[in-house]
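A.B. asks: Below: one structure in structure tokens.
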Amino acid sequence: MKKTLRLTALVMAVAIIVCAFAGCGAKIDKLIVGKWSDSQNNATIEFKEDGTFQYDSSNLNILGISVGTSVSGTYKVDTEADPATVTIVPEIAIAGFKAGTEITFTASYNKDNKVLTLNNDSWGTLNLTEVEA
């Protein structure tokens, strides 16, 4: 009985160590799929399983009229990078970037606050919260 308990404890300890070093838990590439809200910019972005995204914003106010922006394109996630990166390729020009230009963000996820943070030196920081389905 004691031998079995020791073996079980050893296996559990090894599993915990392996998970810690292997990044056990949700990976950004799986976690990112879904619809996210950026309340600071009054925008949403949806990352789809097929590698496409849709960004919708209504934060432009011209002469009291709210003007929306909608941008779609493709994205890819690099979980091997440290930190992980998300690269988007918009189909139209956006925020000073030409259509078809790769825009790379560093990506992190705070599981306690459930906030996905994307940062790019030119674009700035997007703090995204998942939109409930």
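Its first residue numbered 326, the sequence shown is counted upward by one per residue in the numbering used here. Glycine residues also receive a C-beta, built at the ideal position from the N, C-alpha and C atoms. Since the structure is predicted, the reported quantities are computational estimates derived from the model, not experimental observations.
Can you give me the Cβ contacts of residue 346 inside the same chain, cut-off strictly under 6 Å, excluding the 5 residues immediately before and after it?
C.D. replies: Caution applies to residue 346, whose pLDDT of 35 falls short of 50 and renders its modelled position unreliable; the value that the coordinates give is listed next. There are no such residues.
A.B. asks: Quick check: the Cα distance between residue 405 and residue 380, rounded to an integer number of angstroms?
C.D. replies: Cα-Cα distance, rounded: 25 Å.
A.B. asks: For a minimum of 4 consecutive residues, which ranges assigned as the alpha helix (DSSP H) are wholly contained in the stretch 350-383?
C.D. replies: 353-356
A.B. asks: Is it buried or exposed for residue 454, if we count other Cβ within 10 angstroms and need 16 for buried?
C.D. replies: exposed
A.B. asks: By alpha-carbon positions, which one of 423, 420 and 373 ends up nearest to residue 399?
C.D. replies: 373
A.B. asks: Please classify residue 417: does DSSP put it in a helix, a strand, or coil?
C.D. replies: coil
A.B. asks: Counting along the chain, where does the beta strand (DSSP E) carrying residue 447 start and finish?
C.D. replies: Careful: residue 447 lies outside any beta strand (DSSP E) and carries neither H nor E.
A.B. asks: Are residue 397 and residue 378 closer than 8 Å when you measure CB to CB?
C.D. replies: yes
A.B. asks: Give me the Cα-Cα distance between residue 431 and residue 394, rounded to the nearest whole angstrom.
C.D. replies: 23 Å
A.B. asks: Leaving out five residues before and five after residue 363 in sequence, what residues of the same chain have Cβ atoms less than 6 Å from its Cβ?
C.D. replies: 451 and 453
A.B. asks: Less than 8 Å between the beta carbons of residue 428 and residue 445, yes or no?
C.D. replies: A contact, by the Cβ cut-off of 8 Å.
A.B. asks: Which of helix, strand or coil does DSSP assign to residue 435?
C.D. replies: strand
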